[in-house]
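Novice: The structure is given below, and queries will be raised subsequently.
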Amino acid sequence: MEAKNCAPPVKITSGQRMGRKKEKWYNVRNTSISMPMRSAIRWLTLSLAVSCIAIVGYALTGYDVSQLQGRVLAPETQLDIPWRTFDPEEVASGSTIAPNTHTIFHLPADAGRVARKVLFGDTGDTVRYWGYCYPEGYDESEIAHIVGFPGKLFLSEAERADRQEQFNKRFRTFSIFQPPTKLETELKERTRMGVIRHQLEVFTAGMSCYVMSEAPLPIGTDLDEDMLNSMLEKMHRTDPENEDTDGDGLWDGPEVLIAKTDPLRRDTDSDGIIDGIEDVNHNGIRDSGETDPTNIDSDRDGLCDGYCRISKGGRVCSDFGKTIGCIPTISIKWRGEDKNLNGQLDANETDPLDIDTDGDGVFDEQEYFQCLLEKKTGC
26 MEAKNCAPPV
36 KITSGQRMGR
46 KKEKWYNVRN
56 TSISMPMRSA
66 IRWLTLSLAV
76 SCIAIVGYAL
86 TGYDVSQLQG
96 RVLAPETQLD
106 IPWRTFDPEE
116 VASGSTIAPN
126 THTIFHLPAD
136 AGRVARKVLF
146 GDTGDTVRYW
156 GYCYPEGYDE
166 SEIAHIVGFP
176 GKLFLSEAER
186 ADRQEQFNKR
196 FRTFSIFQPP
206 TKLETELKER
216 TRMGVIRHQL
226 EVFTAGMSCY
236 VMSEAPLPIG
246 TDLDEDMLNS
256 MLEKMHRTDP
266 ENEDTDGDGL
276 WDGPEVLIAK
286 TDPLRRDTDS
296 DGIIDGIEDV
306 NHNGIRDSGE
316 TDPTNIDSDR
326 DGLCDGYCRI
336 SKGGRVCSDF
346 GKTIGCIPTI
356 SIKWRGEDKN
366 LNGQLDANET
376 DPLDIDTDGD
386 GVFDEQEYFQ
396 CLLEKKTGC
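Numbering (my numbering), first residue to last: 26 to 404.
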């Protein structure tokens, strides 16, 4: 993000303010500066960059946020863009970063290495955010001698995509029939050199960083390394010290973020087969040859993937702590395709991924009912 986004705004009159459209941080773009103009505003841009860095530098030294605002920011800026600092304990236990807020956070000393996607709850594809982290051993007294940001920048996937889209809009589409001119090539290259680039993907213990987001961000460390940060563990009521809370073979992170299964239930779809058996390679994605842990009948042939209880005439009273008002079932039958619930196609079983296992033109469910009519065993 350009340094001018963090600098105090120029004071304007109330009449000017009424006729001026207010801009949020994520609507401000990197603009191309022509060569004649570049020299004229170089020192102004540098001064704005130093001011922006000074704001964050003071925050990182531990000053009270209210004092920081009174010391550096103009009154109207204080009202529009608040500051918030998260100490290591807050990050470790899990917190939520408010949108449109200057936010400083300090990673705990025992955080180890945390991927950006994990730190911010895998929100990067849909939420635009950006920030940067100070390098280890950074000396605040050297701030005046630094051009640009003193640390490494990070941008979410959504922010990078939006910036690239805006960059592309500034140039016409080139082709073999309409190649770029020499001037267009030079202009595009000069513009590309000034674009803010993503640099930081892995955060380490003890880092102090700044971030700005357009939407709430769940921030936290990942003690059990299950790809679910401490804030998301808190939200989903999973165990932050156990990578597989329900013991079904799938880590909590892939269950919540990818597979969309229940990290607190071993068998999300209640077909009798636990989630870790349905997702054979435990990657949270339904690959070829795997049944769907969120769908009781993956091939939609009328038979559940595992072995399911079918009751007729009422409810099974043993399923309830109190039997008052419970109507005993007339009959209970079990049916399904994987009868021993081992996730493999064995003898006398039908394929939960094929509606006609033997290829005789009769669906598996029809063959099941035909077996019952003929009073055969093992149906």
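Built from N, CA and C at the ideal position, the CB exists for glycine as well.
Along the beta strand (DSSP E) that carries R109, what are the first and last residues, could you check?
Specialist: Here residue 109 refers to the residue found at position 84 of the sequence shown. Where R109 is concerned, the enclosing beta strand (DSSP E) stretches over W108 to F111.
Novice: Where does I129 fall in DSSP's three states?
Specialist: The residue you call residue 129 lines up with position 104 of the sequence shown. Three-state DSSP puts I129 in a strand.
Novice: Taking the beta carbon of L208 as the centre, do at least 16 other beta carbons fall within 10 Å, making it buried, or is it exposed?
Specialist: Indexing the sequence shown from 1 puts residue 208 at position 183. Flag for L208 reads exposed.
Novice: In whole angstroms, give me the CA-to-CA distance for D249 and E239.
Specialist: By 1-based counting over the sequence shown, the position of residue 249 is 224. By 1-based counting over the sequence shown, the position of residue 239 is 214. About 29 Å.
Novice: Whose CA, out of D300, D296 and P265, lies closest to the CA of E280?
Specialist: Sequence index remark: in the sequence shown, residue 280 carries index 255 (1-based). For E280, the nearest C-alpha among the options comes from D300.
Novice: Would DSSP call T229 helix, strand or coil?
Specialist: As a first step, residue 229 must be located in the sequence shown, where it is residue number 204. Here T229 sits in strand by DSSP.
Novice: What's the C-alpha gap between E184 and T375?
Specialist: In the sequence shown, residue 184 corresponds to position 159, counting from 1. In the sequence shown, residue 375 corresponds to position 350, counting from 1. Using only the alpha carbons, I get a separation of about 48 Å.
Novice: Please classify S313 as buried or exposed, where buried requires at least 16 neighbouring CB atoms within 10 angstroms.
Specialist: Locating residue 313 in the sequence shown gives position 288, where the first residue counts as 1. With fewer than 16 other Cβ atoms within 10 Å, it is exposed.
Novice: Flag this pair as yes or no: are the beta carbons of L242 and F145 separated by less than 8 Å?
Specialist: Along the sequence shown, one-based indexing puts residue 242 at 217. Along the sequence shown, one-based indexing puts residue 145 at 120. For L242 and F145, yes; Cβs fall inside 8 Å.
Novice: Using a 10 Å radius around the Cβ and a threshold of 16 neighbouring Cβ atoms, would you call P377 buried or exposed?
Specialist: For the purposes of this step, residue 377 is taken as the residue at position 352 of the sequence shown. That one is buried.
Novice: For A140, does the three-state DSSP call read helix, strand or coil?
Specialist: Residue mapping note: residue 140 aligns to position 115 of the sequence shown, counting from 1. Reduced to three states, the DSSP call for A140 is strand.
Novice: Does the Cβ-Cβ distance between K285 and T319 come in under 8 Å?
Specialist: As a first step, residue 285 must be located in the sequence shown, where it is residue number 260. As a first step, residue 319 must be located in the sequence shown, where it is residue number 294. Closer than 8 Å, so yes.
Novice: Which residues in the same chain have their Cβ closer than 7 Å to the Cβ of E390, if we skip the five residues on either side of it in sequence?
Specialist: Walking along the sequence shown from the start, residue 390 turns up at place 365. Result list for E390: D326, G327 and L328, in chain order.
Novice: My understanding is that G274 touches H307, with C-beta atoms under 8 Å, so please give their C-beta distance in whole angstroms.
Specialist: The residue given as residue 274 occupies position 249 in the sequence shown. The residue given as residue 307 occupies position 282 in the sequence shown. Confirmed, about 6 Å.
Novice: I'd like the list of long-range same chain contacts for N267, defined as Cβ closer than 7 Å, with 5 residues on each side in sequence excluded.
Specialist: For this step, residue 267 is matched to residue 242 along the sequence shown. If we look at N267 and ignore the five residues flanking it on each side, its Cβ neighbours are D249.
Novice: Please classify L98 as buried or exposed, where buried requires at least 16 neighbouring CB atoms within 10 angstroms.
Specialist: Walking along the sequence shown from the start, residue 98 turns up at place 73. Unreliable positioning characterises L98 in this predicted model, as indicated by a pLDDT of 38, which lies under 50. The coordinate reading is nonetheless provided below. It counts as buried.
Novice: Would you tell me roughly how many angstroms separate the C-alpha atoms of N4 and Q369, rounded to the nearest one?
Specialist: For residue 4 there is no data in the structure shown, the boundaries of the chain being 26 and 404.
Novice: Using DSSP bridges, identify the partner residues of K358.
Specialist: As a first step, residue 358 must be located in the sequence shown, where it is residue number 333. According to DSSP, which records beta bridges pairwise, K358 is partnered with I335.
Novice: For the beta strand (DSSP E) holding L275, just list the boundary residues, first then last.
Specialist: For the purposes of this step, residue 275 is taken as residue 250 along the sequence shown, with counting starting at 1. Neither: L275 is in no beta strand (DSSP E) and is coded neither H nor E.
Novice: G156 and V236 - do their beta-carbons sit closer together than 8 Å?
Specialist: If you number the sequence shown from 1, residue 236 lands on position 211. If you number the sequence shown from 1, residue 156 lands on position 131. Yes, they are a contact pair.
Novice: S255 by DSSP, collapsed to three states: which one?
Specialist: Mapped onto the sequence shown, residue 255 falls at position 230. Residue state, collapsed to three classes: helix.
Novice: Determine whether the beta carbon atoms of N254 and G137 lie at a separation below 8 Å.
Specialist: Locating residue 254 in the sequence shown gives position 229, where the first residue counts as 1. Locating residue 137 in the sequence shown gives position 112, where the first residue counts as 1. Not closer than 8 Å, so no.
Novice: D363 and D330 look like a contact to me (Cβ under 8 Å); what is the Cβ gap, rounded to whole Å?
Specialist: Position 338 of the sequence shown holds residue 363. Position 305 of the sequence shown holds residue 330. With a Cβ gap of about 6 Å, D363 and D330 count as contacting.
Novice: Decide if F130 is buried, meaning its Cβ has at least 16 other Cβ atoms within 10 Å, or exposed.
Specialist: As a position in the sequence shown, residue 130 is number 105, starting the count at 1. Flag for F130 reads buried.
Novice: In whole angstroms, what is the alpha-carbon distance linking V227 and I310?
Specialist: Position 202 of the sequence shown, counting from 1, holds the residue named residue 227. Position 285 of the sequence shown, counting from 1, holds the residue named residue 310. Roughly 24 Å separates the two Cα atoms.
Novice: Would you report the Cα separation of D383 and Y332, rounded to the nearest angstrom?
Specialist: Looking up residue 383 in the sequence shown gives position 358. Looking up residue 332 in the sequence shown gives position 307. Cα-Cα distance, rounded: 19 Å.
Novice: Expressed to the nearest angstrom, what Euclidean distance is found between the alpha-carbon atoms of T270 and W276?
Specialist: Along the sequence shown, one-based indexing puts residue 270 at 245. Along the sequence shown, one-based indexing puts residue 276 at 251. Spanning the two alpha carbons is a distance of roughly 8 Å.
Novice: Going by alpha carbons, who is nearest to I283 out of D251, E211 and S295?
Specialist: By 1-based counting over the sequence shown, the position of residue 283 is 258. Nearest option by C-alpha distance: D251.
Novice: Taking the C-alpha atoms as reference points, what is the distance between G361 and K142?
Specialist: To locate residue 361, count along the sequence shown from 1; it is residue 336. To locate residue 142, count along the sequence shown from 1; it is residue 117. Spanning the two alpha carbons is a distance of roughly 40 Å.
Novice: Determine whether the beta carbon atoms of G231 and V116 lie at a separation below 8 Å.
Specialist: For this step, residue 231 is matched to residue 206 along the sequence shown. For this step, residue 116 is matched to residue 91 along the sequence shown. Taking 8 Å as the Cβ cut-off, G231 and V116 do not qualify as a contacting pair.
Novice: Could you give the DSSP three-state label for Y159: helix, strand or coil?
Specialist: In the sequence shown, counting from the first residue as 1, residue 159 sits at position 134. It is coil, neither helix nor strand.
Novice: Among the residues of its own chain, which have a CB less than 6 Å from the CB of D317, if the five just before and after it don't count?
Specialist: Position 292 of the sequence shown, counting from 1, holds the residue named residue 317. Counting only Cβ-Cβ distances below 6 Å, and skipping sequence neighbours, we find R311 and S323.
Novice: I need the straight-line Cα distance from P107 to T128, nearest angstrom please.
Specialist: Position 82 of the sequence shown, counted from the start, is the residue given in the question as residue 107. Position 103 of the sequence shown, counted from the start, is the residue given in the question as residue 128. Near 9 Å, if we compare the C-alpha coordinates of T128 and P107.
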